[in-house]
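**Student:** Attaching a single structure in structure tokens format; questions to follow.
There are 2 protein chains.
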Amino acid sequence: MSRLDNDTFLRALLRQPTPYTPVWLMRQAGRYLPEYRETRKRAGSFLALCKSPALACEVTLQPLTRFALDAAILFSDILTVPDAMGLGLYFAEGEGPKFERPLREEWEIRNLAAPDPTVELRYVMDAVAEIRRALDGSVPLIGFSGSPWTLACYMVEGGSSDDYRKVKALAYTRPDLMHHILDVTTQAVVAYLNAQIEAGAQAVMVFDSWGGTLSEAAYREFSLAYLARIAAGLTRERDGRRVPSIVFTKGGGLWLEAIADAGFDAVGLDWTMDIGRARALVGERVALQGNLDPAVLCASPEAVVAEARRVLDAFGPHPGHVFNLGHGISQFTPPENVAALVEAVHAYDRDA
Amino acid sequence: MSRLDNDTFLRALLRQPTPYTPVWLMRQAGRYLPEYRETRKRAGSFLALCKSPALACEVTLQPLTRFALDAAILFSDILTVPDAMGLGLYFAEGEGPKFERPLREEWEIRNLAAPDPTVELRYVMDAVAEIRRALDGSVPLIGFSGSPWTLACYMVEGGSSDDYRKVKALAYTRPDLMHHILDVTTQAVVAYLNAQIEAGAQAVMVFDSWGGTLSEAAYREFSLAYLARIAAGLTRERDGRRVPSIVFTKGGGLWLEAIADAGFDAVGLDWTMDIGRARALVGERVALQGNLDPAVLCASPEAVVAEARRVLDAFGPHPGHVFNLGHGISQFTPPENVAALVEAVHAYDRDA
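Going line by line, the protein sequences match chains S and W. Residue 236 in our numbering sits at position 236 of the first sequence; the count goes up by one each step and never skips. One rule links them: number in our numbering = place in the second sequence (from 1) + 352.
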């Protein structure tokens, strides 16, 4: 078992006691940091940054230099898998991710195949290995992927959407084709996450960013069923240590109990559900990660501290809470508010 | 009491038996109808359409000519109230609503005053009266307003937002100012809705479009408390007939029981919560309106009918259900799918 100086994050995910509440922030390496913007500029494009193991390693470590965060997360994009499937990921300035070849025709869907992550996604595995070396046992490294439903949203819509009508129309009109996309994508995600674990990721997280846009019945059929297959397929131990897994369906609070039964060690919560109520619902089944509204970080440091304490109070005594935001950090966040947040979470005495 | 040929909508809102399930669709007068696009073009702009009682009446009636809908809804915008407060509503092409003078400074907030709806919003009252005359007792007319929180989002952000960080930062940093905005806006909304009732609206609905972007604690403090004040201030009877009220917090499923206790007759549901589960939670407190995913209307007519039946089955036997979408109808909806939907809802035998 390799050295790990700070295992509070891994222990909290497994609902084991920790001396304080571990904290990390979704998108903690990102545009709110001037040093990130500088590296991003040097890389030339967001995608070039993702695809360079050295630069991805550099930005992954930037927030850890500033703040006493308890985990690092691989710098990458959730859409690497469909990109490796040949859909042609690109970023139009100010418009978010797009695919050059979205799935439009039945034959395109039938031709989908899961990539070999050690070949087509070699650059991700190289970044994972390089970040692990650079972290040198200080804090654990989180690997991640988008969920099959979330990937399918982009693959069918061709980019972001505010109504998901193309992918939903496909799901309702041709569920057979939708399930084929989800089946192949699930195989690809399992292989991708296990390859990240093999390369050195010490925990993994599945981002189901758009699961919350579905009805309950459609969520169970088109997202949750595939999340459960991923949980069942994940490597559970590596290097003598358990590799915890986290699932996060943004907007999934209404289905929390079903999500807690999907087979992951921990469930991410957005900020709409009171975390104390969430804990009462999931009981001892899973740990919880969350759930401060990221907009709070755009308020005053005093408000940040007060709202962070509200989340900690709502969760209650140890164990089983990883503090995080309920969504990615805003690019407009003043870095000093992040410092105030991390300090307040670490200073909080859960059992007082 | 004036004549009303079809009172199924009003009766269902009051949880009284009806021979079939009434149905109307949020944004039923809109861009998916070619005749709407034609009138809109003739008006010159969306705002000119809203502000012309004759044209607003014309488009309000268009969907009723095509489909056997059980209610008409005033054609207007949710932002008429802050416009009448002097913020200067305008629509930038393809960008949604904006305000020329969003609330930026403390003195601007302190200067806010509730408009007299019979003066500054006279054009709305004229439209209500003209539509009532044109409907001639066929189906009831719904009046509406945005909720105080939703109006405040636009008033502070100056337009749509994908993170609401300005209005939330204000709420977290200066709750006193936020409550002042919400207090004045609540007075304005109550007066506005009561003026619509006086002018002829036979039911009223409050659209809390952005309440679901808040944490639970913030929702209760900044949205629900003001919704309850609106419910308490509404005219309850007019022309010898009860005037039912509906509240709709998009994304509010997690807080359904609290919303059901706010004092409205009915609660609108988006499509993320199973309506059978919602009914079990609210019991006999309120009627429910909803909750088909509007994206279903972009699928095949067969899928529309199957998913509509799923909602009707989930709700179960009479009474207390008004069928609707879980959000406004998409501009990309084929009108023939709406025809299939309305027919399927009316043909469904709840008590079979």
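For each residue, glycine too, the CB sits at the ideal point set by N, CA and C.
Could you check how far apart the C-beta atoms of residue 245 of chain S and residue 146 of chain S are, in whole angstroms? I think they sit under 8 Å.
**Tutor:** Taking the first residue of the first sequence as 1, we reach residue 245 of chain S at position 245. Taking the first residue of the first sequence as 1, we reach residue 146 of chain S at position 146. Not confirmed; about 15 Å, so no contact.
**Student:** Just to confirm my understanding: we take residue 464 of chain W, look at its own chain, exclude 5 residues before and 5 after, and list those with CB closer than 7 Å. What are they?
**Tutor:** Locating residue 464 of chain W in the second sequence gives position 112, counting from the first residue. Excluding residues within five positions, the ones whose Cβ falls inside 7 Å are 437, 533 and 536.
**Student:** Do the CB positions of residue 143 of chain S and residue 74 of chain S come within less than 7 Å of each other?
**Tutor:** The sequence position of residue 143 of chain S within the first sequence is 143, counting from 1. The sequence position of residue 74 of chain S within the first sequence is 74, counting from 1. In this structure, residue 74 of chain S lies closer than 7 Å to residue 143 of chain S by Cβ.
**Student:** Tell me, which residues are paired with residue 374 of chain W by DSSP?
**Tutor:** To locate residue 374 of chain W, count along the second sequence from 1; it is residue 22. In the DSSP output, where bridge partners are listed per residue, residue 374 of chain W has none listed.
**Student:** Nearest to residue 109 of chain S by alpha carbon, out of S:138, S:171, S:136 and S:95?
**Tutor:** Counted from its first residue, the first sequence places residue 109 of chain S at position 109. Taking only the C-alpha atoms, the option nearest residue 109 of chain S is S:171.
**Student:** Under the criterion of a Cβ to heavy atom distance below 6 Å, does residue 600 of chain W qualify as lining the ligand SAM?
**Tutor:** With respect to small molecules bound, the structure shown includes none, and the ligand SAM cannot be examined in it.
**Student:** Could you check if residue 44 of chain S is buried or exposed, using at least 16 other CB atoms within 10 Å of its CB as the buried criterion?
**Tutor:** For this step, residue 44 of chain S is matched to residue 44 along the first sequence. Exposed, since its Cβ has fewer than 16 Cβ neighbours within 10 Å.
**Student:** Could you compute how far the alpha carbon of residue 130 of chain S sits from the alpha carbon of residue 53 of chain S?
**Tutor:** For the purposes of this step, residue 130 of chain S is taken as residue 130 along the first sequence, with counting starting at 1. For the purposes of this step, residue 53 of chain S is taken as residue 53 along the first sequence, with counting starting at 1. Residue 130 of chain S and residue 53 of chain S: Cα-Cα distance of roughly 7 Å.
**Student:** Using the three-state DSSP reduction, which class does residue 641 of chain W fall into: helix, strand or coil?
**Tutor:** For this step, residue 641 of chain W is matched to residue 289 along the second sequence. Residue state, collapsed to three classes: strand.
**Student:** Let me check understanding here. Comparing Cα to Cα, which of W:451, W:376 and W:382 lies closest to residue 642 of chain W?
**Tutor:** Within the second sequence, numbered from 1, the residue matching residue 642 of chain W stands at position 290. Closest by alpha carbon: W:376.
**Student:** Name, please, each residue of chain W whose Cβ falls closer than 7 Å to the Cβ of residue 163 of chain S.
**Tutor:** For the purposes of this step, residue 163 of chain S is identified with residue 163 of the first sequence, where counting begins at 1. In chain order: 647 and 682.
**Student:** Provide the residue(s) that pair with residue 557 of chain W in DSSP beta bridges, ordered along the chain.
**Tutor:** Within the second sequence, the letter at position 205 stands for residue 557 of chain W. Looking at the DSSP assignment, residue 557 of chain W forms a beta bridge with W:496 and W:598.
**Student:** Do the CB positions of residue 414 of chain W and residue 387 of chain W come within less than 7 Å of each other?
**Tutor:** Your numbering for residue 414 of chain W matches position 62 in the second sequence. Your numbering for residue 387 of chain W matches position 35 in the second sequence. The answer is yes: Cβ separation under 7 Å.
**Student:** Could you have a look at residue 44 of chain S and say whether DSSP puts it in helix, strand or coil?
**Tutor:** Mapped onto the first sequence, residue 44 of chain S falls at position 44. Looking at residue 44 of chain S - three-state DSSP - the assignment turns out to be coil, as it is neither helix nor strand.
**Student:** Only counting the same chain, and skipping five residues up and downstream in sequence, which positions put a Cβ closer than 7 Å to that of residue 678 of chain W?
**Tutor:** The residue given as residue 678 of chain W occupies position 326 in the second sequence. Once the five neighbours on either side are set aside, the close Cβ partners of residue 678 of chain W are 621, 622, 623, 642, 643, 644, 645 and 646.
**Student:** Inspect the beta-carbon positions of residue 188 of chain S and residue 228 of chain S and report whether they are closer than 7 Å.
**Tutor:** For this step, residue 188 of chain S is matched to residue 188 along the first sequence. For this step, residue 228 of chain S is matched to residue 228 along the first sequence. The answer is no: Cβ separation not under 7 Å.
**Student:** Ignoring anything shorter than 3 residues, give me the beta strand (DSSP E) runs that lie fully in the region 381 to 462 of chain W, in order along the chain.
**Tutor:** Unbroken beta strand (DSSP E) stretches of 3 residues or longer found wholly inside the region 381 to 462 of chain W: 441 to 444 and 448 to 451, given in chain order.
**Student:** Give the range of the beta strand (DSSP E) segment to which residue 676 of chain W is assigned.
**Tutor:** Residue numbering aside, residue 676 of chain W sits at position 324 when the second sequence is read from its first letter. DSSP places residue 676 of chain W inside the beta strand (DSSP E), whose first and last residues are 673 to 677.
**Student:** Which class does residue 476 of chain W belong to by DSSP, given the choice of helix, strand or coil?
**Tutor:** Stepping through the second sequence from its first residue, residue 476 of chain W is reached at position 124. Secondary structure at residue 476 of chain W: helix, using DSSP grouped into helix, strand and coil.
**Student:** Residue 398 of chain W and residue 711 of chain W - do their beta-carbons sit closer together than 7 Å?
**Tutor:** Lying outside 353 to 704, the shown extent of chain W, residue 711 of chain W is not represented and no answer is given.
**Student:** Mind checking which residues open and close the beta strand (DSSP E) that includes residue 268 of chain S?
**Tutor:** Here residue 268 of chain S refers to the residue found at position 268 when the first sequence is read from its first residue. Per DSSP, the unbroken beta strand (DSSP E) holding residue 268 of chain S starts and ends at 266 to 268.
**Student:** To the nearest angstrom, how far is it from the Cα of residue 59 of chain S to the Cα of residue 42 of chain S?
**Tutor:** Translated into the one-based positions of the first sequence, residue 59 of chain S becomes position 59. Translated into the one-based positions of the first sequence, residue 42 of chain S becomes position 42. Rounded to whole angstroms, residue 59 of chain S to residue 42 of chain S spans 12 Å at the Cα level.
**Student:** Please report the residue range of the alpha helix (DSSP H) in which residue 17 of chain S lies.
**Tutor:** Residue numbering aside, residue 17 of chain S sits at position 17 when the first sequence is read from its first letter. Careful: residue 17 of chain S lies outside any alpha helix (DSSP H) and carries neither H nor E.
**Student:** Do we get a CB-CB distance below 7 Å when we pair residue 18 of chain S with the residues of chain W?
**Tutor:** Taking the first sequence and counting its residues from 1, the one referred to as residue 18 of chain S is at position 18. Cβ-Cβ to chain W under 7 Å: no for residue 18 of chain S.
**Student:** Quick check: the region 594 to 611 of chain W against the region 545 to 562 of chain W, are there 3 or more CB pairs under 8 Å?
**Tutor:** yes
**Student:** Cα separation between residue 625 of chain W and residue 254 of chain S?
**Tutor:** What you label residue 625 of chain W is simply residue 273 of the second sequence in a count that begins at 1. What you label residue 254 of chain S is simply residue 254 of the first sequence in a count that begins at 1. Whole-angstrom Cα-Cα distance: 7 Å.
**Student:** Taking any Cβ of chain W, which residues in the region 309 to 335 of chain S have a Cβ under 7 Å from it, in chain order?
**Tutor:** 310, 330 and 332
**Student:** Helix, strand or coil for residue 636 of chain W, going by three-state DSSP, please let me know.
**Tutor:** Within the second sequence, residue 636 of chain W is the residue found at index 284, counting from 1. Residue state, collapsed to three classes: coil.
**Student:** If you drop the 5 nearest sequence neighbours on each side, which residues of the same chain put their C-beta closer than 8 Å to that of residue 19 of chain S?
**Tutor:** Mapped onto the first sequence, residue 19 of chain S falls at position 19. Same-chain partners within the cutoff: 8.
**Student:** What is the DSSP secondary structure of residue 276 of chain S, reduced to helix, strand or coil?
**Tutor:** In the first sequence, residue 276 of chain S corresponds to position 276, counting from 1. DSSP places residue 276 of chain S in helix when its eight states are reduced to three.
**Student:** Grab the span of the alpha helix (DSSP H) containing residue 256 of chain S for me, first residue to last.
**Tutor:** Here residue 256 of chain S is taken as the residue at index 256 of the first sequence, counted from 1. Note, residue 256 of chain S: alpha helix (DSSP H), 256 to 260.
**Student:** What residues in its chain sit with their C-beta under 8 Å from that of residue 439 of chain W, if we drop five residues either side in the sequence?
**Tutor:** The residue you call residue 439 of chain W lines up with position 87 of the second sequence. Within the same chain, 451, 452, 453, 454, 455 and 507 come within 8 Å of residue 439 of chain W by CB-CB distance, once the 5 residues on both sides are set aside.
**Student:** Would you kindly report the start and end of the unbroken alpha helix (DSSP H) that includes residue 1 of chain S?
**Tutor:** One-based indexing of the first sequence puts residue 1 of chain S at position 1. Segment: none, residue 1 of chain S is in no alpha helix (DSSP H) and carries neither H nor E.
**Student:** Would DSSP call residue 158 of chain S helix, strand or coil?
**Tutor:** What you label residue 158 of chain S is simply residue 158 of the first sequence in a count that begins at 1. DSSP places residue 158 of chain S in the coil class of the three-state scheme, outside both helix and strand.
**Student:** Can you tell me where the alpha helix (DSSP H) holding residue 541 of chain W begins and where it ends?
**Tutor:** Counted from its first residue, the second sequence places residue 541 of chain W at position 189. Per DSSP, residue 541 of chain W belongs to the alpha helix (DSSP H) from 527 to 551.
**Student:** Could you tell me whether any Cβ in chain S is nearer than 7 Å to the Cβ of residue 520 of chain W?
**Tutor:** Taking the first residue of the second sequence as position 1, residue 520 of chain W is located at position 168. For residue 520 of chain W, the answer is yes, since a Cβ of chain S falls inside 7 Å of its Cβ.
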